[in-house]
Amino acid sequence: MSAAGNSSGLTPEEVEEIERSFREYDTNKNGSITPDEMKECLHKAGVTALDKEVDYILKRMDKNHDGNVTHAEYVKFMSAVYRGEHEKLKRKAAQKK
């Protein structure tokens, strides 16, 4: 079972997407994502983001303040992002009834 686990409220596909994206971003395979790794992956994906925007997001993810995002920090942050999207979809569906 992945770090996100079944109690995360995510589908198995969402958990796998989080795991896959972490592996993709962790280009040196040391178990954490550096600011440079994040910027490189975003650039490869065609996402144009200012350094300060990427730095802001990474600071929100980096709970132990070591300058990198560990696997656990990434999974926790991304799980919250996915759950937030679920809540938005539920609200939109409820409004259409």
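Just so you know, UniProt numbering puts 35 at position 35 of the sequence shown, and the rest follows in order with no gaps. Think of the CB as a built atom: it goes at the ideal place given N, C-alpha and C, for glycine as much as any other residue. Only a predicted model underlies this, so the values are computations on that prediction, with no experimental measurement involved.
Applying the 10 Å Cβ sphere with the 16-neighbour rule, what's the burial state of Arg20? One-based indexing of the sequence shown puts residue 20 at position 20. By the 10 Å Cβ count, Arg20 comes out exposed.
What did DSSP end up calling Val47 once you bin it into helix, strand or coil? Taking the sequence shown and counting its residues from 1, one reaches residue 47 at position 47. Of the three classes helix, strand and coil, the one that applies to Val47 here is coil, per DSSP.
In the DSSP assignment, find the alpha helix (DSSP H) that holds Ser21 and state where it starts and stops. For the purposes of this step, residue 21 is taken as the residue at position 21 of the sequence shown. Start and end: Pro12 to Tyr25.
Taking Cβ to Cβ, would you say Asn68 is nearer than 8 Å to Thr34? For this step, residue 68 is matched to residue 68 along the sequence shown. For this step, residue 34 is matched to residue 34 along the sequence shown. Yes, the pair counts as a contact, with Cβ atoms nearer than the cut-off.
Please classify Lys96 as buried or exposed, where buried requires at least 16 other C-beta atoms within 10 Å of its C-beta. Residue mapping note: residue 96 aligns to position 96 of the sequence shown, counting from 1. Exposed, because fewer than 16 other Cβ atoms sit within 10 Å of the Cβ of Lys96.
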